[in-house]
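Participant:
2 protein chains.
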Amino acid sequence: MKGSHEDRLDVIKSRIIEQIGNNMKIYGVSQTTGRVMATIYYHQKPMTLDELSEEMGMTKMSMSNAVRELMDLGVAEKIHVKGSRKDHYVIEQDYYQFFIDLFCTSWSKTTHAKAATRMKLSRDLEEIIQDENADPETKEEAKKILEENHKAIEFFNWINRLIQHFESHEIFKHVPIKEGNKKRDPY
Amino acid sequence: MKGSHEDRLDVIKSRIIEQIGNNMKIYGVSQTTGRVMATIYYHQKPMTLDELSEEMGMTKMSMSNAVRELMDLGVAEKIHVKGSRKDHYVIEQDYYQFFIDLFCTSWSKTTHAKAATRMKLSRDLEEIIQDENADPETKEEAKKILEENHKAIEFFNWINRLIQHFESHEIFKHVPIKEGNKKRDPY
DNA sequence: AATATCGTAAAATATATATTTTACAAATTT
DNA sequence: AAATTTGTAAAATATATATTTTACGATATT
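Quick mapping for you: the protein sequence lines, in order, are chains A and B.
Going by our numbering, the first residue of the first sequence is number -16, and it counts up by one from there.
Going by our numbering, the first residue of the second sequence is number -16, and it counts up by one from there.
1. Given this structure, state the Cα-to-Cα distance separating I111/B from H148/B, to the nearest angstrom.
2. What in chain A is Cβ-close to R(-9)/B, meaning under 8 Å?
3. Looking at the secondary structure, which residues open and close the beta strand (DSSP E) in which Y72/B lies?
4. Determine the chain B residues that contact D114/A at a beta-carbon separation under 9 Å, and present them in chain order.
5. Report back the beta-carbon spacing between T94/B and I142/B to the nearest angstrom; my notes put them in contact at under 8 Å.
6. Quick check on DSSP: helix, strand or coil for A96/A?
7. Under 7 Å, Cβ to Cβ, is there at least one residue of chain B near G4/A?
8. Can you give me the C-alpha to C-alpha distance between K165/A and F81/A, rounded to a whole angstrom?
9. Spell out whether any CB of chain B is found under 7 Å from the CB atom of R171/A.
10. Between the Cα of R18/B and the Cα atoms of K28/B, I3/B, Y10/B and P29/B, which residue gives the shortest distance?
11. Is there a Cβ from chain B that is less than 7 Å from the Cβ of H148/A?
12. Residues of chain B with CB under 9 Å from V19/A, in chain order?
13. Does DSSP classify K65/A as helix, strand or coil?
14. Does V158/A get closer than 7 Å to chain B when you measure Cβ to Cβ?
15. Hey, is I(-5)/A's beta-carbon within less than 7 Å of any beta-carbon in chain B?
16. Give me the chain A residues within the contact set of E1/B, using Cβ-Cβ distance strictly less than 9 Å, ordered along the chain.
17. Do you know offhand how far E120/A's Cα is from N132/A's?
18. Starting from P159/A and walking both ways along the alpha helix (DSSP H), at which residues does that stretch end?
19. Does chain A have any CB closer than 7 Å to the CB of Y170/B?
20. Y170/B by DSSP, collapsed to three states: which one?
21. Between A85/B and chain A, is any beta-carbon pair separated by less than 7 Å?
22. Ends of the alpha helix (DSSP H) at V19/B?
23. By alpha-carbon positions, which one of R51/A, E75/A and E150/A ends up nearest to H26/A?
24. Tell me the rounded alpha-carbon separation between K97/A and I(-1)/B.
See below:
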């Protein structure tokens, strides 16, 4: 009878971990990576690749890939535990900061490069528009695209400002975390 | 000489479309769907599946899948053009509204269901905690998970409020679109 | 009513992604 | 320095996703 409760708890835990794995897919990370993240989170202590491998029944290599992805996203950190040769990994504990990290990493990754590309294309378009030999119809279309490009660049700038709005936690002033978690304030 | 400018314009156009296709991947839509979206957008007129198929060099079936995905995300709309039997598709023209549609659709899709699951699990945990036969250690862990669950539910609520913050365009008060596009106001 | 057109479901194929296996360099212990 | 352990790259395999082909019902046209 005693064991059945533990079993139920394990079921609950694995369902939560599974759910988080699915959730993470919208952030653009693979299900496995999401599960690794959740596993470390619920373990409450830093974990090694071998522990993860054991716990999840997958190869160490997969775990290595997953934690790298998490570190790239800025939500996992490699820490040294003295007495052990193995790398240990910890996960951002704050849900909101976690969200911000994921959101901002994936967004800022694109905007800069994309805006730069657009600007380059805008210069090409300008050339066509300036060229006197260019066919008027072509020029007309170039102008339209140039305008679109301008709008796109403006939009990328807005995204950047939005990222800042989140990173600076300004957003919480306008969409407050209602109750609890007061300790996040010091950020 | 005249043709070369047109060619250059085509290159620019296809690069932009390609870029948008890549961009969209972070929103969780496939590259093809992103390209379809960009193709319709830059075409400036409603497009049919056959036109898209022709333009993109892919089967009509693929186009059908893509536009359905876009409609599910709330960024494309099927319209009737009189005189034609074929369905025509249009794309949300406003970058910001487009962003909001994508963001909110993908987020709200998860939160409701996920919060419900968590609440159900919380009730299961309560049962374990209340049960006098349960092992104290197990109870302790159940309490911890229950608390985590509570935090998660609170977070989902925050996400919902965040979605509202975007859908209501409140966000623009705090992260304004600097210049131009004044016509968006009436939303 | 017969014929043609349109859109999409279902099955088949092709492509991309995830996972494991194998191999090896770098660091650590003996 | 030899042997062991750790983490990861590269290649091989397995799995999932995207795309096309085929087939067919619904609607419109003749």
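Glycine included, each C-beta is placed from N, C-alpha and C at the ideal position.
Facilitator: The short version:
1. As a working mapping, residue 111/B is identified with position 128 in the second sequence. As a working mapping, residue 148/B is identified with position 165 in the second sequence. Using only the alpha carbons, I get a separation of about 38 Å.
2. Within the second sequence, residue -9/B is the residue found at index 8, counting from 1. For a Cβ distance threshold of 8 Å, residue set D107 and I111 of chain A lies close to R(-9)/B, ordered along the chain.
3. Locating residue 72/B in the second sequence gives position 89, where the first residue counts as 1. Residues D70 to I74.
4. As a position in the first sequence, residue 114/A is number 131, starting the count at 1. Chain-ordered, the chain B residues with CB closer than 9 Å to the CB of D114/A read H(-12).
5. Here the question's residue 94/B lines up with position 111 in the second sequence. Here the question's residue 142/B lines up with position 159 in the second sequence. Cβ atoms of T94/B and I142/B come within 8 Å of each other, at about 5 Å.
6. Along the first sequence, one-based indexing puts residue 96/A at 113. Under the three-state reduction of DSSP output, A96/A falls in the helix class.
7. In the first sequence, the residue the question calls residue 4/A occupies position 21. G4/A has a beta carbon lying at 7 Å or more from every beta carbon in chain B.
8. Locating residue 165/A in the first sequence gives position 182, where the first residue counts as 1. Locating residue 81/A in the first sequence gives position 98, where the first residue counts as 1. Confidence is the limiting factor: at K165/A the pLDDT is only 48, short of 50, which leaves the residue's position unreliable, though a coordinate-based value still follows. Cα to Cα, K165/A sits roughly 16 Å from F81/A.
9. There is simply no residue 171/A to check, as chain A begins at -16 and stops at 170 in what is shown.
10. Looking up residue 18/B in the second sequence gives position 35. Nearest of K28/B, I3/B, Y10/B and P29/B to R18/B, Cα basis: I3/B.
11. Here residue 148/A refers to the residue found at position 165 of the first sequence. Under the 7 Å criterion on CB atoms, H148/A is classed as interfacial with respect to chain B.
12. On the first sequence, residue 19/A is found 36 positions in, with the first residue counted as 1. Under the 9 Å cutoff, chain B gives no residues; its nearest Cβ is about 17 Å from V19/A.
13. Position 82 of the first sequence, counting from 1, holds the residue named residue 65/A. Here K65/A sits in coil by DSSP.
14. Numbered from 1 along the first sequence, position 175 holds the residue referred to as residue 158/A. For V158/A, the answer is yes, since a Cβ of chain B falls inside 7 Å of its Cβ.
15. By one-based count along the first sequence, residue -5/A stands at place 12. Answer yes: the Cβ-Cβ gap between I(-5)/A and chain B drops below 7 Å somewhere.
16. Indexing the second sequence from 1 puts residue 1/B at position 18. What E1/B touches in chain A: nothing, since even the nearest Cβ is about 10 Å away.
17. Numbered from its first residue, the first sequence carries residue 120/A at position 137. Numbered from its first residue, the first sequence carries residue 132/A at position 149. C-alpha separation (whole angstroms): 18 Å.
18. Translated into positions along the first sequence, residue 159/A becomes position 176. Premise fails: P159/A is in no alpha helix (DSSP H) and is neither H nor E.
19. For the purposes of this step, residue 170/B is identified with residue 187 of the second sequence, where counting begins at 1. Annotation note: pLDDT 42 at Y170/B (below 50); position unreliable, coordinate value reported separately. Chain A has no Cβ within less than 7 Å of the Cβ of Y170/B.
20. To locate residue 170/B, count along the second sequence from 1; it is residue 187. Low local confidence applies: a pLDDT of 42 at Y170/B is under 50, so the model's placement there is unreliable, and no value is given.
21. Looking up residue 85/B in the second sequence gives position 102. In the sequence as displayed, the identity of residue 85/B is Leu instead of Ala. Chain A contact via Cβ: absent.
22. As a position in the second sequence, residue 19/B is number 36, starting the count at 1. In this chain, the alpha helix (DSSP H) harbouring V19/B covers Q14 to H26.
23. Looking up residue 26/A in the first sequence gives position 43. Sorting R51/A, E75/A and E150/A by C-alpha distance to the C-alpha of H26/A places E75/A at the top.
24. Position 114 of the first sequence, counted from the start, is the residue given in the question as residue 97/A. Position 16 of the second sequence, counted from the start, is the residue given in the question as residue -1/B. Approximately 10 Å between the Cα atoms of the pair.
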